[in-house]
Structure formats: C-alpha cells, structure tokens
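For reference, each letter of the sequence shown is one residue, going 1 to 1028 in the numbering used here.
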Amino acid sequence: MTDKIKIGVCVMEKKVSSAPMVQILERLQAFGEFEIINFGDKVIIEDPIESWPICDCLIAFYSSGYPLQKAEMYAALRKPFLVNELQPQHLLHDRRKVYEQLEVFGVPVPNYALVNREYPYQELEYFIEEEDYVEVHGKRFWKPFVEKPVDGDDHSIMIYYPSSAGGGMKELFRKVGNRSSEFHPEVRRVRREGSYIYEEFMPTGGTDVKVYTVGPEYAHAEARKSPVVDGVVMRNPDGKEVRYPVLLTPGEKEMARDVCLAFCQLVCGFDLLRCEGRSYVCDVNGWSFVKNSYKYYDDAACVLRKLFLDAKAPHLSSTIPPSLPWKVKEVVQSEGLTRQGSGLIGTFGQSEELRCVIAVIRHGDRTPKQKVKLKVTEEKLLNLMLKYNGGRARAETKLKSAVQLQDLLDATRLLVPRKSRSGRESDSETEDIEHAEKLRQVKAVLEEGGHFSGIYRKVQLKPSKWVKLPKPNADCEDERPVEALMVLKYGGVLTHAGRKQAEELGRFFRNNMYPGEGTGLLRLHSTYRHDLKIYSSDEGRVQMSAAAFAKGLLDLEGQLTPILVSLVSKDSSMLDGLEDASSEMEEAKAKLHAIITSEGKTLNGNMSGGPLWMVDGAGVPDNASQLLHSLVNLTKKITAKVKLLAEEEDEKLSVTASSTVLPHYDQAKAFGKTTIDIARIAAGLPCGSESFLLMFARWKKLERDLYNERKERYDVTQIPDVYDSCKYDLLHNAHLNLEGLTELFRVAQIARRLLGKILIDLHNTREEAIDVAEPKSSQETTTTFPKTRKEERDQARPLNRNEDLRRTSSTSEKSIDQDDDDDRETKYRLDPKYANVRTPERHVRTRLYFTSESHIHSLMNVLRYCNLDESLQGEDSLVCNSALDHLHKTRELDYMSYIVFRMFENTEVALEDPKRFRMEMTFSRGADLSPLENDDGDAALLHQEHTLPIMGPERMQEVTSYLTLDQFERMIGPFAMPAEDFPPPATPQAFSGYFTKSSGVLERLVNLFSFHKGSTAAASSTNNNVKQ
C-alpha cells in the first residue's frame, strides 16, 4: 500500500497523551497502513478550520475546553470518515436527551421522571415532596431514589434513603483521592436549585458495570465496586481503580450495539445496572477507553483498523495480518487462593475446594422490646385516628411516618398536663392516674431521640366503641367512634454493642470461614468470583445487624444506611409460616406452665429411658416454683428503685429545661456508632436514649404482667422479658447500681432456660416430630432430592427472552422466573480472556440470612431431630451425640448466634460419587456470656464498651465424620420447601461455557433453605415463644 490512510486526531492534548490512547495509536501506527496526525491544542483552538490538516478519517470528541461546533464545521468542510459523529455529542450533555434517545432505540432505562425549573427554587404544581417519597406528575418515587442534575457535566448525584433505614442522603461525585461519595445523615430534603431527573434506585449488590464499545459489534465490560456502598475507591498498588472484566449476556451485547448506533458513537462508554435479572443503561459517556488492559488495546486497534479500511480501502479490510505487528505483552496472572481443607471439622485432602457457605444469623444486642396499651376517649386522639383512616369509624389506623407521629405527639402534649378529663367515665381514681401515666409514657417515647426515625416506633389506633349520630340535613345516621385502643410499640433497637458485635462477626467470617489467606475472601469478592446475597427480615434491628456484618465481611467504611440499602435484601416473609401453628403453640405454653409449676416433677414420669435432650422437662430445677416467687419479688424491688430515679428526674424536669438535664440523643446518627455515649453515662443517666421514666415503665409492665395478684397466677411467657431487661441493664446500666439486679438475673437466667431450652425439647419430642412429618409423607416425591445429570442440564438451560419484551421492559415489570433473584446464578462472571486472575472459573456462593432467635431455634430443632421423621427411622441424627449434649447444656442461643453450612467439592472424586460433595455444619452460641462473668479480658470489654464477646464456632459433627450432600438432602428434605415452589434458575447464555458441572448442585443446596420464603409451620412452631 503506497498511500497511507491519514487519521486525524482532533482531540485535546491531555486526552491524546492518556495511556489508553497512546497504546492504541501506537498499535494503529504499527500496522503500517496509517499515518497518524495529531492536531494539537493550538491548532484546534486558535487556527481557522481551513488551515487544519486534511485527513481521511477523524477521531474527534468533546472534553473540557473543546470547540465542538468548530470541529463540526471542519467535518462539514473536509467530510472525513468520523469514528464518532460530532453533532450527536451535544445530546450527551443533557441527561434528559440521553434517556429520550435510549428509549427511542428501545434500550431499557430506569423508571424516571423529569422536574424542569425555569429558575432556582421555582415552585411547581406537579412536584410534591413528602417524608419518604417525591411525586412528579402523579408518578411516585419512594425512597431510596436517585436525583440527577439534567446537566450531563454536573456529576453531583444524590441518593435519598428512607426513614425506615435511618434516612439521610449520599452524594456521588467524580473521584477525589480515594473517595467517590459522601453520606450526609442529616440531609432529608431534595434540592430545588435547578432541574433534575428522579429515578428508582436500582439495587445492584454493590456493583457497577462499565461497558466500552469499539464499533457496534465489539463490547468490553468491567465491573467495579459501586460508589453507593461506602464511597471508598478500591485501588491497586499503582493507584489505579480496581476493575475486573466480566461477561455480557446476549441481551446486554444487543444493548451495547443499540447505544453505539443511537448516538452514532463507535467508540463509546456507558454505565450498566444489573438488577433483579435485568439490565438498564443509566448513563452514556461518549468516547471512552479501557485502562490497563493490553488485551483490550490489541482488540481495539484491530477493530479500529477494520473500521478505517472499510471506510477508505474496503478491498483491504478483509485482509488480516498473519501476526500482530507489535510485541504482545504477556499478562502476569495474580495468585489464586490456595486450596485446603476446612480447618474446622478436619482436613479431607488438599483437592477440596469450598463451593458454598450458608449462614443463618441472629441479630445483635438490642434494647428491650416494649408495648403500651391504653383505652382512649379523648376527642383529639379520636379525630387523629379518623384523619388517617379516611374518616371510617370502624377502621383501625397505623401511625409510622414522621408527620403522623408528630401529630400524635402534639395531641398528647396537650392532654398530658390535664389532671381530669371531662367526658371520661372512670371506674376509680386509680384508673385515671394509670391512664395519665400511660399518656406520659406515650409522650416520652415519642419525644425520645429528638426526631422520628420511623424504624423503631409505631402506633395502632383501633376503634372499640361507637355511637350513632344523625347526619345534618339528612334522614340517615352516621357512626362515630367514642373509644379506641391505642397500642404503642417501641424499643428492640440495635444498640452500639449490637453493631460492634455484628461488624466483628463479619470480620471473623472473612478471616476464618473461607480457605486461604485472611484477605482471600476480599480478593475473591473483588474479582467477582464470590456470589454474595444477604437477606434480612423487615425488623430494623435485624436489617442493621445485616448491614454491620456486611461492613465487617467486606471491609467497608462509613455508616450503615448506604450499606443496608445497597447490599441487604429485606424479605418480610422470613417471619411467615406461623399462622398454622397457633394450636401447637398454645398447647406448648400450657405444658410448659405445668412443668414449671409442678415442683420439679416431670410430666412423662420417666427420665431414665434415654438422653436428657429427649426428655420433656429435663433440666428443670426442683425449686422452679420457688424461683418464680423470687422472680416476682425481685422484679418489684427493681421497679421500686427505678421509680425513685424517675421521680427525681421528673422533679428536675419541672424546674429546668429538659435539654439541660437530658443530653440530646439522635437515634438516627447512632445507627452507625459502635461506641457508648460517655456523656450520658457520666451524668448518671441510662445508656442510649432511654429516660428513667421509660425505664420505670419497662419494669412496671414486667411486674404487672409476670404475676396477676388478683388471679394469683404466673405468666411464664414473661420470663424471657424479665431476663432481657436484667441482662440489658447489667450490660448497659451497671453504673446505676440497681440493688437486687444481679440476684434477679441469676434467677431469671435459670428461668430463661426453661422457656428457651425446654420449649425447644418440648416441641421436638418423638411424637411431635412424627406428627409434623405425617402431612408431608405423601409429598415425599416432591421434596428436594438429588437431581440427575439430565435435570441439572435442563435446569441450566439458557434464557431466551422475547425481543419485544426486552424493548418494552421497565423496572416495574418482572417475569415469573425473576421473582426469586436469590435462586439465580450470579450475574457477575469474570471474562477469562481479559481477567488477570489465575483461576477465573473459581466461584464461591454465599447466602446470609439474618433473622430472629425463633428461626435459629427452629432450624436447630430440625437438624437435631430430623432423624425422628418416620421416613428416616433408624438413621442417626445429623448432630453428633457430644454436640447434642452440649446443646442441651447451652444456656441460650444469644445475640449473634449462628448456624453455618459449608459445602466442599473434592475435585479428585468422580462427579457421580456421593463423596464428591461434603457438608460441614457448625454453630455458635453467640454472645452467650453472663454480664457477671469474672474473666478479666471480658470484664474489661464489658465495662468499657458494654459489649459481650461472641463465642467461636463449635462442631456439630465428629471430627472424622463425612456428611455427603446426598445424605444431608435426604435427612432434611421432609422439612424443606417443596422443589416446585422454587422457579428454576435461568442461566444467561453467555455464561454457560464457564459454569462448572456442579452448578446445579449449588442450586440444590440453596433451595433446601426456605427462610426467606417463610418457614414451615413444622419448624417455626417449635419455638415461637422464644423472644426475638
């Protein structure tokens, strides 16, 4: 070729000198077919276009200070082949036009709405902002939502979080040092300075995908840690942001082609969000190259060569050089994780590899859960109920939002000072006093913390009496409530100690549950070979425990709210499944009451027929009824002491502003704290946000509910509440020196075992386990049994989506097989061609389920007693005898207790061999340490940080035992959710070549656990009475 094709580079010098541009231009030059002409800043900015160099092909794109219109005039004059068209680049500066263009081409985008202002702070009729949502033209966006300036060059993007997660806002911005975002917990209102796009927040598991096209037929994708998690940029030793190449699905490749053609930008970068099995484009950047990938540089140069030859020398475009005319840089692969045995149960050979980790974890240390009930007849409260239930006289009302709770607080403040209430018919003066005390308690609870976070207080108003009133100017009558039951629920908040416990347990998991070095999990996770999903029930303490655990597990920084929203999936159904167990629960309560009050005599009459853990009432002390009497007297003693403190506090409040007595305590800001409030402790006040008035109300309720003096009857179900309050005050309020608290704790601790440990055994004796299994025996063929190789292949069949469905998809639409994202294969798969990783096919799945104590007990019961099912007669328990005995002696499954299942694959064993996959089970009692322990190290931790340490994992199998996956499935199959209730996972076609043959086995293992679906009545009913 005599005349070389001239390629003009009409780009600002800063961009030309970037490493990717230099690498690619050098490769184009090396082909020998092109002459590269750099225009330079002086020519571009100062010289007229007529004097610009003449070229055949032109590389030109906008950057700061670039005269785009001038370049357009040059292109119109010389008509070179344009890699990226110039006129469409104007669209990229307006996010509204970007979304409009994407929609024209059928590219899925997040659900969004536009707010256009002509001047700052312009009030718009179509824009409404409430506490937890904004509404634009009737379209409502619930928090979390995203707020983007319409100016594409303004990178100040905000994410607003719901009050249920603690509230606040995270600001995303261009990387500054190692930061890409900052969290502002006090910001709750949206901006009004300009025009914005509001769109749904897309939960992506903490990962963003950047896609880079070079022509419509080539797309390269890289994943990175999303800035929405903790805002810390992961960098390699060279200071570059850590990104890893991932595979695109066929649908995503089609989206890349559409983006490339929609904006006429052959070299183009855009942002991809993967959410609930679908992908969405949320930003288009224009000209972008991948950094630090020599394989990509080679590919990009070859694609650009063909584009240039197609345009100017098509007769040469099909010719391929026999070898690349530059020295190919050999990639030095980084170290993979070492293979080794588990180290907990025993070592079974160096060929074993961890494949799956499933953990069920209880939440961390919390404040005692509280409930206030009172009948109200006050007009202000009844009107408030009607205001929020639509004026329906017989409809109940739930008050949760800040506006609703503020209305209730305003009404209560007006009612509390009044000593008598006209129109109220009291049976006695005592009833009036008690009603006033409860109103004061409601007021104190609502005022706690200085504002409403919405995550730990809720009020129900249920009408109970009505009168009929004639309608004005009408013949009919209208109903109006005259009395209602008010139920205020509060407390149960994760404490600073609970956050610290969860974070430390996450670090422990990172360093001990995954084979290899201590940083092994972080490397596995950062290279997208770790499929992690975290689930939580919808209680605030459980959600925050999950977020704090994730922070420790993944070595994240910052506050918990962004981590919670980004990484934790809330699933309220985790507490379902108990509706059919009410009769069993009532029977268990009655039997438990009989055991405790039977002076130590067991009801079955024989304790020598087997192990203690198989006997009803085993371990009940002989003086159980005497302990109950002591429990009542000691509770009264503590209540009287706290009452004096409350009265003293009340006197101070009557003469002094409350702010000078009670240091301000912001519950929302405390969500991310792991330290105690030293100022409150020094002032002799209760730890946290509780006042002495609320502390007295807590103990007074326990005193009243534990023993009914009129009926002379104990309520043994209140024992866990006494125990919780004792332990909480010993741990967090030891500085108050409450006389009798230590003795009460010792008594309650014994009684706690009665409800915690004995109730477990009581519900899981042989007869009850067989009764539970009977209705399932006919469904034996539908439970989760080992699948055949053909079933595994069928289950991994590619997903074929209708093209029309793809083009009309939106975030509000889900196909049937997308409802259960937890059962889908991981969305982020390393691309082996580009990944700088020695073992790109290595893949570990982790599923973490955070829940309450009842679920931990239910699962443990299944593991301990599943062999009692009639279909498994003669089988040994999954739990060895020594572990069964240890569990029998365990005081409780305390805060942060957990059960872990790990599956290992022996790659030296044939896939058909049952010993190919080995199961390992461990458990921890959690923070099962008495606040009265005398150990020096633990005592120091207790007094300085109010935190009890978490017990390490304990074996549930003998060291030499070998539990195969097939045996594990067969044992717990009768108690598992039927297989047909789980939709088959869809395997994206592009991934199919990189799955190991055992991918279906992972699905089998995860499908056995239905905690996020709702436990079966059989399992859940075993211990519903244990405190959550």
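Heads up, the beta-carbon is just placed ideally off N, CA and C, and yes, glycines get one too. Since we're looking at a predicted model, the values are computed, not measured.
Around the Cβ of glutamate 378, a 10 Å sphere holds 16 or more other Cβ atoms; the residue is buried.
Counting along the chain, valine 22 sits inside the alpha helix (DSSP H) bounded by residues 19-30. Residues of the same chain with a CB within less than 6 Å of the CB of glutamate 649, apart from the 5 flanking positions on each side, are Phe692 in chain order. The C-beta separation of cysteine 57 from valine 16 comes to about 15 Å, leaving the pair out of contact by the 8 Å criterion. Between methionine 896 and leucine 505, the C-beta spacing is below 8 Å. Counting only residues of its own chain and dropping the five nearest sequence neighbours on each side, alanine 502 has a CB closer than 6 Å to the CB of Gly364, Ser545, Ala548, Phe549.
In the same chain as arginine 925, and ignoring 5 residues on each side of it, the C-beta atoms closer than 7 Å to its own belong to Thr890, Leu893, Asp894, Ser897, Met951, in chain order.
When rounded, the separation of the alpha-carbon atoms in lysine 711 and aspartate 705 is 12 Å.
With respect to glutamate 483, lysine 468 sits apart: the two C-beta atoms are not nearer than 8 Å. Lysine 369 is not a Cβ neighbour of glycine 239, given a cutoff of 8 Å. Annotated as distal: lysine 373 and arginine 413, with beta-carbon spacing of 8 Å or more. Per the coordinates, the alpha-carbon of arginine 278 lies some 30 Å from the alpha-carbon of arginine 188. Under the three-state reduction of DSSP output, proline 245 falls in the strand class.
Excluding its 5 nearest sequence neighbours in each direction, lysine 551 has C-beta neighbours in its own chain below 6 Å: Glu503, Ile563, listed in chain order. The shortest C-alpha to C-alpha distance from serine 537 to any of Val211, Leu911, Ile856, Thr851 is the one to Thr851. A straight line joining the alpha-carbon of serine 164 with that of tyrosine 723 spans about 28 Å.
When C-alpha distances from proline 974 are compared across Glu908, Lys915, Cys866, Met919, the shortest belongs to Cys866.
Of all C-beta pairs linking the segment 17-27 to the segment 284-302, three or more are shorter than 8 Å, placing the two stretches in contact. In this structure, glutamate 35 sits away from lysine 79, with a CB-CB distance that is not shorter than 8 Å. The beta carbons of valine 209 and valine 246 sit closer together than 8 Å. Listed in chain order, the alpha helix (DSSP H) runs fully inside the segment 21-88 are 41-46, 68-78, counting runs of at least 4 residues. Contact annotation: lysine 643 and glutamate 739 have beta-carbon atoms that are not nearer than 8 Å. Secondary structure note for tyrosine 297: its alpha helix (DSSP H) is the uninterrupted segment 294-312. Within the same chain, and ignoring the five residues on either side of arginine 902 in sequence, the residues whose Cβ sits closer than 6 Å to its Cβ are Val357, Glu920.
Between the alpha carbons of leucine 872 and valine 360 lies a gap of roughly 25 Å. Put simply, of Tyr66, Val844, Ala411 the residue whose alpha carbon is nearest the alpha carbon of glutamate 46 is Tyr66. One thing to note: glutamate 252 has its Cβ within 8 Å of the Cβ of leucine 272. Out of Val900, Leu878, Asp885, Ala219, the CA that lies nearest to the CA of aspartate 966 is found in Leu878.
When rounded, the separation of the alpha-carbon atoms in glutamine 460 and serine 64 is 57 Å.
Spanning the alpha carbons of valine 862 and isoleucine 972 requires a straight line of approximately 7 Å. Distance between leucine 304 and glycine 8, taken at the CA atoms: about 13 Å.
In this model, glutamate 254 and alanine 223 are separated by some 18 Å (Cα to Cα). Take leucine 316, set aside five residues on each side of it, and the residues of its chain with a beta-carbon closer than 6 Å to its own are Leu309, in chain order. About 6 Å separates the beta carbon of tyrosine 198 from that of glutamate 147, a gap short enough to meet the 8 Å contact definition.
Inter-residue distance for aspartate 151 and histidine 93 is about 6 Å (C-alpha atoms, whole angstroms).
By the Cβ-count criterion, tryptophan 52 is buried, with 16 or more other Cβ atoms from all chains shown falling within 10 Å of its own Cβ.
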